Amino acid sequence: QVQLVESGGGLVQPGGSLRLSCAASGIIFSIYGMNWYRQAPGKQRELVASISTGDSTNYADFVKGRFTISRDNAKNTVYLQMNSLKPEDTAVYFCNARRSLINNYWGQGTQVTVSS
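Residue numbers (my numbering): 48 to 163.
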């Protein structure tokens with residue numbers, strides 16, 4: 048079956064960095080667009096960053112210049128490098144693999160907490 052397993056979350060001070068990873072299995076990773084979403088308590092899930100099969104990237108305005116999404120098709124893994132973290136970045140971060148409305152898969156999420 049399809050599995051997306053996120054890792055790399057944790058507690059970090061404001062201004063710090065974290066690198067999230069999402070390892071995929073059960074799909075042909077290279078033909079899926081990959082996305083990172085996040086959901087803070089009491090808020091809707093929101094798109095953070097996307098990377099296409101051709102390595103085109105898009106970012107939400109609130110992370111532009113601070114976060115970088117990348118993928119390694121040989122390792123079936125997508126990454127999210129997060130720099131200059133702010134308290135408002137605190138959320139559960141979810142990995143998403145999407146090829147179509149049907150072929151749309153989610154990871155279980157990893158907690159990121161930015162606090163002093």
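Glycine residues also receive a C-beta, built at the ideal position from the N, C-alpha and C atoms.
On a predicted model such as this, the values are computed, not experimentally measured, just so you know.
Proximity below 9 Å, CB of L94 to CB of Y140: Taking the first residue of the sequence shown as position 1, residue 94 is located at position 47. Taking the first residue of the sequence shown as position 1, residue 140 is located at position 93. It is not a contact, given that the beta carbons lie outside the stated cut-off.
F109 (DSSP reduced to helix, strand or coil): Reading the sequence shown from its first residue, position 62 is the one you call residue 109. F109 falls in the coil class under three-state DSSP.
Straight-line gap, N105 to Q91 (C-alpha atoms, nearest Å): The residue labelled residue 105 in the question sits at position 58 within the sequence shown. The residue labelled residue 91 in the question sits at position 44 within the sequence shown. Their backbone Cα atoms lie some 19 Å apart in a straight line.
Whole-angstrom distance between L148 and D119, CA atom to CA atom: The residue given as residue 119 occupies position 72 in the sequence shown. The residue given as residue 148 occupies position 101 in the sequence shown. Cα to Cα, D119 sits roughly 24 Å from L148.
Sequence-distant residues of the same chain with beta carbon closer than 7 Å to G156, five excluded per side: Here the question's residue 156 lines up with position 109 in the sequence shown. Here the set comprises E53, V139, Y140, F141.
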